[in-house]
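What follows is a single structure, written as structure tokens, with notes after it.
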Amino acid sequence: DAMVIQNPRYQVTQFGKPVTLSCSQTLNHNVMYWYQQKSSQAPKLLFHYYDKDFNNEADTPDNFQSRRPNTSFCFLDIRSPGLGDAAMYLCATSRDLGQTYEQYFGPGTRLTVT
Amino acid sequence: DAKTTQPNSMESNEEEPVHLPCNHSTISGTDYIHWYRQLPSQGPEYVIHGLTSNVNNRMASLAIAEDRKSSTLILHRATLRDAAVYYCILRDSYNTNAGKSTFGDGTTLTVKP
């Protein structure tokens, strides 16, 4: 089945130690998104790629970076994780930008910072 | 960005219809109304979307008020598997905000057997 895959499902990192979360998709969608979801809160968009074009949300901290080496893969890099970065990180895709395209979400990676 | 307002929680009995309301009084003419749901420990899942007319699909129905300032997601027969957080989202136009979704607080639906 075509899908959005996130690895690992659970990640533990130490305070200040760089960590990378990965997302892959078999849908061949143009757009890939990263969301952060803290406990009991709604998902919050960090950034998205439209093909190779990177679009950062205005309030996304510089500590968060992303790479999209090809259509299928997208990575979220947290350069110096703090305790406040512990959250579920959700990857999503959509065929294109625009109001009518639905987003397909992966299962998420739960990040713990010790 | 136009915002949505939803009740924090709702309860339903199994096999009964559920009407989940959403207010979006500042909606613009080009905003589409999307609904997603998030089951426990999973990523959000698309449910339905619409612009002006009521919409039906295999999962649910979407009723949109004539003035578009509110909408209602209708689950015709709730099952235990429908217990989730339901998000009503307005999708901005491509030219201004690249079609991004801003999630509101959502409604936690509890389904009782």
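Just so you know, the sequences run in chain order P and H. First residue of the first sequence: 1, per the working numbering; consecutive thereafter. First residue of the second sequence: 1001, per the working numbering; consecutive thereafter. The beta-carbon is built from N, C-alpha and C at its ideal position, and this holds for glycine as well. Quick caveat, the model's predicted, so the values are computed rather than measured.
In whole angstroms, what separates the C-alpha of residue i from that of residue j?
i, j, result
"residue 53/P", "residue 102/P", "20 Å"
"residue 1038/H", "residue 16/P", "31 Å"
"residue 90/P", "residue 1017/H", "30 Å"
"residue 1007/H", "residue 1046/H", "19 Å"
"residue 49/P", "residue 28/P", "13 Å"
"residue 74/P", "residue 23/P", "5 Å"
Buried or exposed for residue i, going by 16 or more other Cβ atoms inside 10 Å?
i, result
"residue 83/P", "exposed"
"residue 1082/H", "buried"
"residue 43/P", "buried"
"residue 1034/H", "buried"
"residue 6/P", "buried"
For residue i versus residue j, is the C-beta distance shorter than 8 Å?
i, j, result
"residue 33/P", "residue 87/P", "no"
"residue 1021/H", "residue 1087/H", "no"
"residue 1074/H", "residue 1024/H", "no"
Where does residue i sit, in a helix, a strand or coil, going by DSSP?
i, result
"residue 53/P", "strand"
"residue 1029/H", "coil"
"residue 20/P", "strand"
"residue 46/P", "strand"
"residue 79/P", "coil"
"residue 84/P", "helix"
Just list the residues that DSSP pairs residue i with in beta bridges.
i, result
"residue 1045/H", "1037/H"
Is residue i a contact residue of the ligand SAM, with contact defined as CB to any heavy atom under 7 Å?
i, result
"residue 81/P", "In the structure shown, the ligand SAM is absent, as is every other ligand, since no ligand is present at all."
Using 8 Å as the limit for Cβ to Cβ distance, is residue i near chain B?
i, result
"residue 83/P", "Within the model displayed, chain B is absent; protein chains P and H are what it includes."
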